[in-house]
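First comes the structure, then the notes that go with it.
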Amino acid sequence: MNNLLEIQGLSKTYDRVQALTNVNLSIGPGHITGLLGPNGSGKTTLIKIICGLLQPTSGAVYVDGMPIGTESKKVISYLPDQTYLNDNMTVEATITMFRDFYADFDMNRAYNMLTNLGINPKFKLKTLSKGTKEKVQLILVMSRRAKLYILDEPIAGVDPAARDYILRTIIGNYDPSASILISTHLIADVERILDEAIFLQYGNVRLYQPIDTIRSETGKSVDELFREVYRC
Amino acid sequence: MLGTLIKYEFKATWMIMTLICGVLIGAGVVAGLVGNFLNLNSPTLTDMQELLLTFGVIGYAMLVSSLSMLSAVFLFVHYYRSLYTPQGYLSFTLPASITEVVSSRIIVGCIWTLASTLATFFSVSFTFMLSGNFKEIVTFIDEAYATIIEEVGAASTNLIIFEFILVFILSSISKMLMYDYSITVGQLWSKHKILGAVICYFATQFVMGIISFTGHFGLMFAAFESSMNFTMRGWITKNLLYSVFLCVAFYGVAIFVSNKKLNLD
Chain D
1 MNNLLEIQGL
11 SKTYDRVQAL
21 TNVNLSIGPG
31 HITGLLGPNG
41 SGKTTLIKII
51 CGLLQPTSGA
61 VYVDGMPIGT
71 ESKKVISYLP
81 DQTYLNDNMT
91 VEATITMFRD
101 FYADFDMNRA
111 YNMLTNLGIN
121 PKFKLKTLSK
131 GTKEKVQLIL
141 VMSRRAKLYI
151 LDEPIAGVDP
161 AARDYILRTI
171 IGNYDPSASI
181 LISTHLIADV
191 ERILDEAIFL
201 QYGNVRLYQP
211 IDTIRSETGK
221 SVDELFREVY
231 RC
Chain Y
1001 MLGTLIKYEF
1011 KATWMIMTLI
1021 CGVLIGAGVV
1031 AGLVGNFLNL
1041 NSPTLTDMQE
1051 LLLTFGVIGY
1061 AMLVSSLSML
1071 SAVFLFVHYY
1081 RSLYTPQGYL
1091 SFTLPASITE
1101 VVSSRIIVGC
1111 IWTLASTLAT
1121 FFSVSFTFML
1131 SGNFKEIVTF
1141 IDEAYATIIE
1151 EVGAASTNLI
1161 IFEFILVFIL
1171 SSISKMLMYD
1181 YSITVGQLWS
1191 KHKILGAVIC
1201 YFATQFVMGI
1211 ISFTGHFGLM
1221 FAAFESSMNF
1231 TMRGWITKNL
1241 LYSVFLCVAF
1251 YGVAIFVSNK
1261 KLNLD
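In structure tokens, the structure reads:
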């Protein structure tokens, strides 16, 4: 089976700072992969290159066999670590916008999630709290039937009770043939839903293994291993 | 996809831009009616009427120029915010090419620039017409038209007027495109991107000044005799070509830089 995400010799330099160095990765369909690493390890840079928001210095990225471009964007559903919606729009206007742009957007799924989280679709985004805005963004992203979901810190800004709902939402709303790449610091929260983990350090892939292999080989949870590897 | 992008660009900008255009036209109507009511076009004015006329004209001119500036500022801030702040994460991950995403902003910006230019024209027209100067305006236009016919002949007059209007519109659009181009080129700076955009704007203005001066007056130094064969037609055609060149160059550079050097860090 073809890999959903193929990264070959990817490097990125900002001025003189090497953010990514010769990264090679292959992620197949049907996996939930944790992209883990401390601040400045290159997680967001890697994600932005996959989504076409940054140009790599060298190397290539293929999503579902396609280079980064219009076709790859059709199959990626991306949640950034910041609010990216126009604050003057209402929640329902953002849903309509996603429906107009994405052929794979499921309006019913979006409205069901809004109801479950008690978010009024008539409200303008600027009247919502930061956490609620993040929930709206996650709803929009997870209401697509995409092949690759890329979630950058999806639970960082929400309360612990909402985290459980969000993680259930992530697991419950993706097609088994799709894959999810989650970047987060809150490893203990997401560990139970991960199939595999990538540890990034100084722009290099330090480890890329299935969660079960990590546990059996090290006798530690991913959270424990992370704290050991990245101890200050 | 370009059509959908343009639709959402209009949705994001129509309220402010319609308000600006509406206030521009409304100010012209009000200024004209007040001028007529106070009889400010009378050949003999009292001190109070002169005072009102002076303040009225200054106030109206300041309002119109402020609104024109406001519309330009709103459009280039919208261009910047929707592409190069976190909103850009959404804009550039939509299933559209970078060319389509950037073009949609530029196209809608140009349309609104055209609309605000027309609103300014109507505002000034209403001011003169409603203040009781309608006959004088018609006479002035008739005289100007007759002068042009005398200068270039009846056959070329309509073409020259058409080209002149086109130059006026294109120069307004090229100004808008220059803001967008400067903002995009400013993104090439790794830090201080807004400062980069400002530097790019003034550097481009400087280069344009040299090109424009050379184009208009360069011949005077090289061949003084032939430069004296100045015709209105030639002048307008030269300006028309220059405006078209600027529009194409600014648009082309903005699209090229966006495609090759997009870095939303």
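Line by line, the protein sequences give chains D and Y.
Counting from 1, one number per residue, gives the positions in the first sequence under the numbering used here.
Counting from 1001, one number per residue, gives the positions in the second sequence under the numbering used here.
Built from N, CA and C at the ideal position, the CB exists for glycine as well.
Just so it is clear, the structure is predicted and the values come from calculations on it, not from any experiment.
Open item on the list: Can you pull the chain D neighbours of Y/D1142, defined as C-beta to C-beta under 7 Å?
Closed with: Per Cβ cutoff of 7 Å: no residues; Y/D1142 is ~48 Å from chain D at best.
TODO: Please list, in chain order, all residues of the same chain as D/H31 whose beta carbon is under 7 Å from its beta carbon, the five residues on each side excluded.
DONE: S179, D195 and E196
Task: Sufficient close CB pairs (3 or more, under 8 Å) joining the region 50-57 of chain D to the region 9-21 of chain D - done: yes
Task: Spatial distance of Y/Y1242 from D/R206 (CA atoms) - done: 56 Å
Open item on the list: Within a Cβ cutoff of 6 Å, which residues of the same chain sit near D/A167, ignoring the five residues on either side of it in sequence?
Closed with: Reading off the sequence shown, one finds Leu at residue 167 of chain D, where the question assumed Ala. Cβ within range, chain order: I193.
Open item on the list: With DSSP as the reference, identify every bridge partner of D/T45, one or two as the case may be.
Closed with: Note: D/T45 sits in no beta bridge, so no partner.
Task: Contact residues within the region 9-21 of chain D, judged by C-beta distance below 7 Å to chain Y - done: Y14 and D15
Task: At least three beta-carbon pairs within less than 8 Å, the region 223-232 of chain D to the region 1089-1100 of chain Y - done: no
Open item on the list: When you compare the region 82-99 of chain D with the region 66-73 of chain D, are there three or more beta-carbon pairs, one atom per stretch, that lie closer than 8 Å?
Closed with: In short, these stretches do not touch, since the Cβ pair count stays below three.
Task: Strand pairing of D/D189, partner residues [DSSP] - done: Answer by DSSP bridge pairing: none, since D/D189 is not bridged.
Task: Against chain Y: residues of the region 43-67 of chain D by CB proximity under 7 Å - done: K48, C51, G52, L53, L54 and Q55
Task: Listed by chain order, chain D residues near Y/A1072 by CB distance under 7 Å - done: Going along chain D, no residue has its Cβ under 7 Å from Y/A1072, so there is no contact; the nearest lies around 20 Å.
TODO: Give a yes or no on whether the minimum CB-CB distance between D/G37 and chain Y is below 9 Å.
DONE: Chain Y contact via Cβ: absent.
Task: Where Y/Q1205 sits in the DSSP three-state scheme - done: helix
- [ ] Measuring only between beta-carbons, confirm whether D/L5 sits less than 9 Å from chain Y.
- [x] No, D/L5 does not count as interfacial toward chain Y.
Open item on the list: If we define contact as Cβ-Cβ less than 9 Å, is D/Y230 a contact residue for chain Y?
Closed with: no
Task: Proximity test, Cβ basis, 9 Å: Y/M1017 and chain D - done: It does not; no Cβ of chain D falls within 9 Å.
- [ ] Can you give me the start and stop residues for the beta strand (DSSP E) that D/K12 sits inside?
- [x] L5 to Y14
- [ ] Go through its chain and collect everything with a Cβ distance to D/L25's Cβ below 6 Å, but skip five positions before and after it.
- [x] I7
Open item on the list: Going by beta-carbon coordinates alone, are Y/Q1187 and Y/K1261 separated by less than 9 Å?
Closed with: Yes; because the gap between Cβ atoms is below 9 Å, this pair is in contact.
- [ ] Under the assumption that Y/V1102 contacts Y/S1212 (Cβ atoms under 8 Å), give the Cβ distance between them as a whole number of angstroms.
- [x] About 26 Å separates the two Cβ atoms, so there is no contact after all.
Open item on the list: Going by C-alpha to C-alpha distance, which of D/L181, D/V63, D/L36 and D/A19 sits closest to D/L225?
Closed with: D/L36
Task: Assigned secondary structure, D/Q201 (DSSP; H/G/I helix, E/B strand, else coil) - done: strand
Open item on the list: One question on the structure: do D/R145 and D/D106 come within less than 9 Å of each other, judged by their Cβ atoms?
Closed with: yes
TODO: Let me know if D/R16 comes out buried or exposed under the rule of 16 or more other beta-carbons within 10 Å of its beta-carbon.
DONE: exposed
Open item on the list: Quick check on this structure: which residue in D/L128, D/N112 and D/A19 has the alpha carbon closest to the alpha carbon of D/M142?
Closed with: With distances taken between Cα atoms, D/M142 lies closest to D/N112.
Open item on the list: Quick check on D/G69 - is its C-beta less than 9 Å from some C-beta in chain Y?
Closed with: yes
Task: the region 146-158 of chain D in contact with the region 119-126 of chain D per 3-pair CB rule at 8 Å - done: no
- [ ] Kindly indicate if chain D contains any beta-carbon less than 9 Å away from that of Y/K1260.
- [x] yes
Task: Beta-carbon proximity check, Y/I1160 vs Y/I1148, cutoff 9 Å - done: Yes, these two residues count as a Cβ contact at 9 Å.
Task: Reference Y/S1068; option with closest CA among Y/I1106, Y/E1050 and Y/G1022 - done: Y/G1022
TODO: Can you give me, in chain order, the residues of the region 1081-1102 of chain Y that have a beta carbon less than 7 Å from any beta carbon in chain D?
DONE: Hits within the stretch, in order: P1086, Q1087, Y1089, L1090, F1092, T1093, L1094, P1095, A1096 and S1097.
Open item on the list: Can you list, in chain order, the residues of its chain with a C-beta nearer than 6 Å to that of Y/L1264? Leave out the 5 residues immediately preceding and following it.
Closed with: G1088
Task: Straight-line Cα distance separating Y/L1005 from D/I47 - done: 24 Å
Task: Residues sharing a beta bridge with D/G34, DSSP - done: D/I182 and D/A197
Task: Residues bridged to D/D152 (per DSSP) - done: D/S183
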